[in-house]
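**Student:**
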Amino acid sequence: MYQINKRIEQAETLPADFYQNGQVWEACKENIFCQNWQYLCDGVALFKGAENVYPLTLLDNYLDEPIVLIGNDDTVKCFTNVCTHRGFQIVAQPAKMNRLTCNYHGRRFDLDGKFQFMPEFQAAEDFPRPCDHLHELPLHNWRQFIFTAVNPKFDFQKTWDRLEERLHFLPIESFRFAPEYSKTYNVHAHWALYCDNYLEGFHIPFVHQALGSILDYGSYTTECYDQMVLQIGYGDGSSLSFDLPQGHIDHGKEVTAYYYWIFPNFMLNFYPWGVQLNIVRPLTPKFTKVEFLYYIYDQEAFEIMQGDKLAEKTEREDEFVVEAVQKGLRSRFYRSGRFSPKREKGVHYFHQLIAEHLK
Ligand code: FES
Ligand SMILES: [Fe+2]
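Under our numbering, residue 353 is the last one in the sequence shown; the count climbs by one each step, no gaps.
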């Protein structure tokens, strides 16, 4: 469908068509979002209460896949939340249950998703079959966060081991989730435009004065790994930086921010005060919701760096440029552009991944 030259010096960006074509929009669901790991929830926060069964929708209004998380002693499993009889959604709300009972005609499943019982089916032949059990989706944990995929084609561990390479020293499990700062932004643009913008620091001096004042633009780096891009923002001498232990790969450097993006729609922004997760939720080719979840490690550093205020300002500035690009792509005179070999490695990698997935 699209071809992105592997040599950034020669490559052209994805054409405007990618962001506007309805068939491509649909293809992205199956070929990109179903095949890659999706952030689901904070498992520790979710299973704190008495409930052991949680219905969720995987990417509401996009993939719209009804699933249910079931906590069983110390394991969590994930199943389709759709009854194998006639498709009713089995679990409507979080609850404490010993088994799942469909409220349409009474089919029952155990907490391992296995078919148990169905009224009035005594005469049904060749029943139950394996497909009468609930389909199980794979789950993976990284620290307290839970991920799943409808049809995973990529090794979760490989990607997440990369994160540990630099983050092993942070007790992320004990960071405090801060609902008071967490919020969702409405962005009037295609989800991939939001990611394009995230993946380069090129625009920082032009668009983000406040953020630019705590990062040294000259030394800002971008590294591309399997299904992941890491951008490192170094301080300029006056900003707070991580207390990196001996032996850390960046020990001796003044790192102010680690920005991780996991293909296609998940970001982790680490600062000395903690981390902010971004979940990019596609809704229409012109509308995206972006959820910001804050986890605080050091409240004092958060206040010094004005963590939430800086993020709010940066986000509004990003929305302004991304929404303007959304309009610009409608021009009859724009087809695609070129990459800065020095500053747009992340966007180039993202476009290659998209092109490969849509083959
Ligand atoms: S749809 Fe569930 S029992 Fe009929
Ligand atoms: Fe930005």
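Where is the CB? At the ideal position from N, CA and C, for every residue including glycine.
Since I believe residue 68 is in contact with residue 139 (beta carbons under 8 angstroms), could you give me their beta-carbon distance rounded to a whole number of angstroms?
**Tutor:** Wrong, their Cβ atoms sit about 17 angstroms apart, outside the cutoff.
**Student:** Residues bridged to residue 269 by DSSP?
**Tutor:** Per DSSP, 264 and 289.
**Student:** At the level of alpha carbons, what is the spacing between residue 62 and residue 228?
**Tutor:** Each residue's Cα considered, the two are about 41 angstroms apart.
**Student:** List the residues that DSSP assigns as beta-bridge partners of residue 356.
**Tutor:** The question about residue 356 has no answer here: the residues shown for the chain are numbered -5 through 353.
**Student:** Can you tell me the Cα-Cα spacing of residue 250 and residue 267, whole angstroms?
**Tutor:** Straight-line Cα distance between these residues: approximately 10 angstroms.
**Student:** Given a cut-off of 9 angstroms, decide if residue 263 and residue 318 are closer than it, judged by their beta-carbon atoms.
**Tutor:** No, they are not a contact pair.
**Student:** Of the residues 231, 302 and 151, which one's Cα is nearest the Cα of residue 174?
**Tutor:** Answer by Cα proximity: 302.
**Student:** Kindly list the residues whose CB is nearer than 7 angstroms to the CB of residue 65, restricted to its own chain and excluding five residues on each side of it in sequence; keep chain order.
**Tutor:** Excluding positions up to five away in sequence, the list reads 41 and 46.
**Student:** So for residue 54, helix, strand or coil by DSSP?
**Tutor:** Of the three classes helix, strand and coil, the one that applies to residue 54 here is coil, per DSSP.
**Student:** Are the CB atoms of residue 5 and residue 329 nearer to each other than 9 angstroms?
**Tutor:** Not in contact: residue 5 and residue 329 (Cβ atoms no closer than 9 angstroms).
**Student:** Mind listing which residues have their beta carbon within less than 7 angstroms of any non-hydrogen atom of ligand 2? Chain order is fine.
**Tutor:** This criterion selects 191, 192, 197, 198, 201, 202, 308, 311 and 312.
**Student:** Please confirm whether any heavy atom of ligand 1 lies closer than 8 angstroms to the CB of residue 101.
**Tutor:** Within the cutoff, so yes.
**Student:** Look at the alpha carbon of residue 246 and the alpha carbon of residue 171, and state the distance between them as a whole number of angstroms.
**Tutor:** The straight-line gap from Cα to Cα measures roughly 29 angstroms.
**Student:** In the DSSP assignment, find the unbroken alpha helix (DSSP H) run with residue 351 in it and report its ends.
**Tutor:** Here the alpha helix (DSSP H) through residue 351 covers 339 to 351.
**Student:** Looking at residue 112 and ligand 1, is the gap between the Cβ and the nearest heavy atom below 8 angstroms?
**Tutor:** Flag set: Cβ of residue 112 near ligand 1.
**Student:** Using a Cβ-based criterion (distance less than 8 angstroms to any ligand heavy atom), does residue 82 qualify as near ligand 1?
**Tutor:** The answer is yes for residue 82.
**Student:** Only counting runs of 3 or more residues, tell me where the beta strand (DSSP E) segments fall wholly within the segment 160 to 243, in order along the chain.
**Tutor:** You should have 177 to 181, 215 to 219 and 222 to 228.
**Student:** Roughly how many whole angstroms lie between the Cα atoms of residue 16 and residue 269?
**Tutor:** The straight-line gap from Cα to Cα measures roughly 35 angstroms.
**Student:** Taking all protein chains shown into account, decide if residue 87 is buried (16 or more other Cβ within 10 angstroms of its Cβ) or exposed.
**Tutor:** Residue 87 comes out exposed.
**Student:** Give the DSSP bridge partners of residue 49, in chain order.
**Tutor:** Answer by DSSP bridge pairing, in chain order: 62.
**Student:** Strictly by DSSP, which residues pair up with residue 6?
**Tutor:** Paired residues: 332.
**Student:** With C-beta atoms as the reference, is residue 225 less than 9 angstroms away from residue 211?
**Tutor:** No; because the gap between Cβ atoms is not below 9 angstroms, this pair is not in contact.
**Student:** For the 8 angstroms Cβ check, are there 3 or more pairs between the segment 153 to 160 and the segment 232 to 247?
**Tutor:** Yes, they touch.
**Student:** Could you tell me how far apart the beta carbons of residue 27 and residue 258 are, in whole angstroms, since I believe they sit closer than 8 angstroms?
**Tutor:** Right, their Cβ atoms sit about 7 angstroms apart.
**Student:** Based on the DSSP secondary-structure assignment, which residues constitute the bridge partners of residue 310?
**Tutor:** Note: residue 310 sits in no beta bridge, so no partner.
**Student:** Would you list the residues sitting across from residue 89 in a DSSP beta bridge?
**Tutor:** Answer is 47.
**Student:** Excluding sequence positions up to five away, which residues of its chain have a Cβ less than 8 angstroms from the Cβ of residue 320?
**Tutor:** Excluding residues within five positions, the ones whose Cβ falls inside 8 angstroms are 13, 182, 183, 184, 187 and 280.
**Student:** Once the 5 residues before and after residue 150 are set aside, which same chain residues still bring their CB inside 6 angstroms of it?
**Tutor:** The answer, listed in chain order, is 31 and 134.
**Student:** Are the CB atoms of residue 29 and residue 144 within a distance shorter than 9 angstroms?
**Tutor:** Their beta carbons are under 9 angstroms apart, which means residue 144 touches residue 29 by this criterion.
**Student:** Alpha carbon to alpha carbon, how far is residue 126 from residue 48?
**Tutor:** Those two C-alpha atoms are separated by around 21 angstroms.
**Student:** So the candidates are 346, 219, 192 and 350; which of them puts its Cα closest to the Cα of residue 310?
**Tutor:** If we check each option's Cα against that of residue 310, 192 comes out closest.
**Student:** Quick one: Cα of residue 220 to Cα of residue 136, how far?
**Tutor:** Between residue 220 and residue 136, the C-alpha separation is close to 16 angstroms.
**Student:** Starting from the C-beta of residue -1, find all residues in its chain whose C-beta is less than 6 angstroms away, skip the five residues before and the five after it, and write them out in chain order.
**Tutor:** So the list reads 5, once near-sequence residues are dropped.
**Student:** Starting from the Cα of residue 340, find the closest Cα among 83, 194, 165 and 55 and give me that residue.
**Tutor:** Residue 340 has its Cα closest to that of 194, out of 83, 194, 165 and 55.
**Student:** Does DSSP put residue 105 in a helix, a strand or coil?
**Tutor:** Reduced to three states, the DSSP call for residue 105 is coil.
**Student:** Provide the residue span of the alpha helix (DSSP H) that contains residue 38, from first to last.
**Tutor:** Taken as a continuous stretch (DSSP letters only), the alpha helix (DSSP H) holding residue 38 covers 37 to 40.
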